[in-house]
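K.L.:
Numbering (the working numbering), first residue to last: 28 to 335.
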């Protein structure tokens, strides 16, 4: 059996789809699973969840999303697939029809828009009911590369996909000052979209044990996160990545719906603003959450040794 999954979106979207891929793998253990997704995040799914990963935006796949006759190269690519599950926006069912025309025997079009009130993982998993299955474990899990020894290091990300989801920089500066000495290193994570926030933080930061990790590859980011005793971030793909790696995580949520988008797991603590404004999340409350969560983590002996 050959199964195709089409999944667009950013890093967090891919991670939230992992429990569905895991269940599909269990339902069809002998099937060949191909994921068409965005790079580099789609690569995280192989080989644990899928056998192969290919680019959703590959030039030879463009005819799949438009009109006109399907080229032979597209027909050859999908002919022989028994099932396709598409999480792509397809209001007119163009993609679904063209997948069938290319030779896919059955196409399930899953919703790409999330409803309020139900976590995204459970909404993404609704397709499993059409396969006679259900979701067993909703917590996304990743095991990427060898895990380095964890140190008393706090990983934190001052950015996100939107300034409205960011905690004020002055709050970050105050928090790191309060936690200085509790952690031996502060790993500042930033991507290209975070340049202004990172620059502002570094200009005001007073601690000496700051190590920036900027514009790192996904592999390097995973390795760095694996060495942290705690991660702190906003509603972002990096926060979902840290949680999926099993790092004790404190996630700060403001305007976005934590009921739908928060990372899942017993190792995750979600701190919500009372009024949808990130500035309303108190520094002292986040400090207490960080100290408590890190002190109760499996690797908490690192912090106890540091305090001796």
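We treat Cβ as the ideally placed atom computed from N, Cα and C, and that holds for glycine.
Mind checking residue 235: buried by the 16 CB within 10 Å criterion, or exposed?
P.N.:
exposed
K.L.:
When the Cα atoms are used, what is the spatial distance from residue 252 to residue 99?
P.N.:
44 Å
K.L.:
Counting contacts by CB-CB distance shorter than 8 Å, is residue 133 in contact with chain C?
P.N.:
Annotation note: the requested chain C is absent from the structure, which comprises a single protein chain.
K.L.:
What residue does the beta strand (DSSP E) around residue 239 start on, and which one ends it?
P.N.:
237-241
K.L.:
Just checking my contact of residue 184 with residue 260 at CB under 8 Å: how many whole Å lie between their CB atoms?
P.N.:
4 Å
K.L.:
Following the continuous beta strand (DSSP E) through residue 184, name the residue where it begins and the one where it ends.
P.N.:
180-184
K.L.:
What are the residues that DSSP puts in a beta bridge with residue 278?
P.N.:
260 and 297
K.L.:
Buried or exposed for residue 54, going by 16 or more other Cβ atoms inside 10 Å?
P.N.:
exposed
K.L.:
Count the other CB atoms, across all protein chains shown, that sit within 10 Å of the CB of residue 306; report buried if there are 16 or more and exposed otherwise.
P.N.:
exposed
K.L.:
Taking the C-alpha atoms as reference points, what is the distance between residue 314 and residue 210?
P.N.:
12 Å
K.L.:
Could you check which residue in 52, 106, 74 and 122 has the C-alpha nearest to that of residue 92?
P.N.:
122
K.L.:
State the beta-bridge partners of residue 79 as determined by DSSP.
P.N.:
61
K.L.:
Could you tell me if residue 50 is buried or exposed, where buried requires 16 or more neighbouring beta carbons within 10 angstroms of its beta carbon?
P.N.:
The residue is buried, with at least 16 neighbouring Cβ atoms inside 10 Å.
K.L.:
Which residue spans inside the stretch 131-175 form an unbroken alpha helix (DSSP H) run of at least 4?
P.N.:
147-151
K.L.:
How would you call residue 95, buried or exposed, if buried means at least 16 neighbouring beta carbons within 10 angstroms?
P.N.:
exposed
K.L.:
Can you give me the C-alpha to C-alpha distance between residue 68 and residue 169, rounded to a whole angstrom?
P.N.:
12 Å
K.L.:
Please list the segments of the beta strand (DSSP E) lying wholly inside the stretch 72-119, counting only runs of 3 or more residues, in order along the chain.
P.N.:
79-82 and 110-113
K.L.:
For the alpha helix (DSSP H) that contains residue 213, what are its first and last residues?
P.N.:
That residue, residue 213, is in no alpha helix (DSSP H); its beta strand (DSSP E) goes 212-217.
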